[in-house]
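**Q**
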Amino acid sequence: MAHPFPFSAIVGQDEMKLALLIAAVDSSIGGVLVFGDRGTGKSTAVRALAALLPKMHVVVGCRYGCDPAEEILCVECKERRTHAPLKGHLTAVPVVDMPLGATEDRVVGALDLERALSRGEKAFEPGLLARAHRGFLYIDEVNLLEDHLVDLLIDVAASGENVVEREGLSVRHPARFVLVGSGNPEEGELRPQLLDRFGLSVDVKTPGDLVTRMQVVRRRDEFERNPIEFTHQWEKEEAKLRRRIVAARKRLKATIVPDATLEKAAQLCMRLGTDGLRAELTLIRAARALAAYESDESVDVQHLRRVALPALRHRLRRDPLDESGSDLRVERAITETFGS
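FYI, the numbering for the sequence shown is 1223 to 1562, going by the numbering used here.
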């Protein structure tokens, strides 16, 4: 099995790393969209984070990765539970790549043709959404995804369930995952409906200073020449980060959002003119996850400041009278709302 690059060894790209850590603490935030230059570590960071996370409990023999401790189960696990308590085992958090050319059958699942032809049985063959349950679904060049797959992802992301009704089959199973999309904005824009489903959006750029570029190249070269030794060198940092994520998840529900902080979040979104209330909800959830990650008991303005840009930059309406970019508009609103 190939060793993923250690998450804690990634140089720079602090906004991307923070967004992924926040999504790991609270998966209900809605995933992360990463736009930027090629070769800036987007896919490396996603795989590194999945390898960093603690292993998860999965029902033995379950094709959908159900958690034996949860009430939300697939039909097969519900049937098993009527006969005996569900047994679980530990497995790595899945990272599933969704290729641009994937067919709908491959994504949602379809009739198992081999069993249909050899035994005459109608059986369901799970797709990529089933494999990604409780893990990460990673789509590179997400802005080039076909419209019918975009519609499908929007439905599943909203419901947390995949429903397949075709060829005489009627199957539904849980499909909750952290959706991570990456792409180059020069190759086309993302459809607004899918863009709105991403909780956080970050921009990554090629490092512009000599020292950082040298450090990136040096670490990558060391890793490729001896991945086992390089991974071993970062084990302590990885373990420390893993403990922080686990502790933050336990602390999340007890982390308080005072009314004063909620008011500031609403004022910021009103000043930016964001549609609906998803912006406020995401902003508060991201700030709460950040506070939990940093062992703070309550969310304050500083937490809002740090997550406002990734939570809001992709939710702004186009303003024909304001030619400044979305980042500048959000930063200006942050200063007007919170002070300099």
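Don't be surprised by glycine CBs; every beta carbon is placed ideally from N, CA and C.
1. In the structure shown, what three-state DSSP assignment does G1234 receive?
2. Three or more C-beta pairs closer than 8 Å, one from the stretch 1448-1467 and one from the stretch 1483-1502: is that the case here?
3. Compare the C-alpha of P1429 against each of L1422, G1421 and V1438 and name the closest.
4. The alpha helix (DSSP H) with D1327 in it runs from where to where?
5. What is the rounded straight-line gap between the Cα of G1287 and the Cα of G1310?
6. Run the CB neighbour count on L1531, radius 10 Å, all protein chains shown included, and call it buried at 16 or more, exposed below.
7. Could you spell out where the alpha helix (DSSP H) holding R1394 opens and where it closes?
8. Restricting to runs no shorter than 3 residues, where is the beta strand (DSSP E) found entirely within the stretch 1348-1420?
9. What does DSSP give as the partner residues of V1426 in its beta bridges?
10. Using alpha carbons as the reference points, say which of V1297, A1291 and D1443 lies closest to L1308.
11. Take S1392 and list the residues in its own chain whose beta-carbon comes closer than 6 Å to its own, dropping the five residues that flank it on each side.
12. Starting from the Cα of G1283, find the closest Cα among F1358, T1313, A1470 and V1233 and give me that residue.
13. Is R1464 near F1399, with beta carbons less than 9 Å apart?
14. Roughly how many whole angstroms lie between the Cα atoms of S1423 and Q1489?
15. Looking only at its chain, what residues have a beta carbon closer than 8 Å to the beta carbon of V1372, apart from the 5 residues adjacent to it on each side?
16. Compute the beta-carbon to beta-carbon distance between V1317 and F1346, rounded to the nearest angstrom, for a pair I have assumed lies under 8 Å.
17. Work out the CA separation of A1270 and E1460 for me, nearest whole Å.
**A** In this structure, then:
1. Along the sequence shown, read from residue 1 onward, the residue named residue 1234 stands at position 12. G1234: coil per DSSP, three-state reduction.
2. no
3. Counting from one through the sequence shown, the residue named residue 1429 turns up at place 207. Ranking L1422, G1421 and V1438 by Cα distance to P1429 puts V1438 first.
4. Taking the first residue of the sequence shown as position 1, residue 1327 is located at position 105. Counting along the chain, the alpha helix (DSSP H) containing D1327 begins and ends at E1326 to V1330.
5. For this step, residue 1287 is matched to residue 65 along the sequence shown. For this step, residue 1310 is matched to residue 88 along the sequence shown. About 10 Å.
6. Numbered from 1 along the sequence shown, position 309 holds the residue referred to as residue 1531. Its Cβ being crowded by 16 or more others within 10 Å, L1531 is buried.
7. Taking the sequence shown and counting its residues from 1, one reaches residue 1394 at position 172. No alpha helix (DSSP H) contains R1394, which is instead part of the beta strand (DSSP E) from L1391 to P1396.
8. 1358-1362, 1383-1388, 1391-1396 and 1400-1405
9. Taking the sequence shown and counting its residues from 1, one reaches residue 1426 at position 204. V1426 pairs with G1258.
10. Here residue 1308 refers to the residue found at position 86 of the sequence shown. Comparing Cα-Cα distances from L1308 to each of V1297, A1291 and D1443, the minimum goes to A1291.
11. Along the sequence shown, one-based indexing puts residue 1392 at 170. Nothing listed; no residue qualifies.
12. As a first step, residue 1283 is located in the sequence shown; it is residue number 61 there, counting from the start. The residue with the shortest Cα to Cα distance from G1283 is T1313.
13. Position 242 of the sequence shown, counted from the first residue, corresponds to residue 1464. Position 177 of the sequence shown, counted from the first residue, corresponds to residue 1399. No.
14. Taking the first residue of the sequence shown as 1, we reach residue 1423 at position 201. Taking the first residue of the sequence shown as 1, we reach residue 1489 at position 267. Pairing S1423 with Q1489, the inter-Cα distance amounts to about 21 Å.
15. Along the sequence shown, read from residue 1 onward, the residue named residue 1372 stands at position 150. Here the set comprises R1413, Q1415 and L1416.
16. Counted from its first residue, the sequence shown places residue 1317 at position 95. Counted from its first residue, the sequence shown places residue 1346 at position 124. Wrong, their Cβ atoms sit about 23 Å apart, outside the cutoff.
17. Taking the first residue of the sequence shown as 1, we reach residue 1460 at position 238. Taking the first residue of the sequence shown as 1, we reach residue 1270 at position 48. Distance between E1460 and A1270, taken at the CA atoms: about 10 Å.
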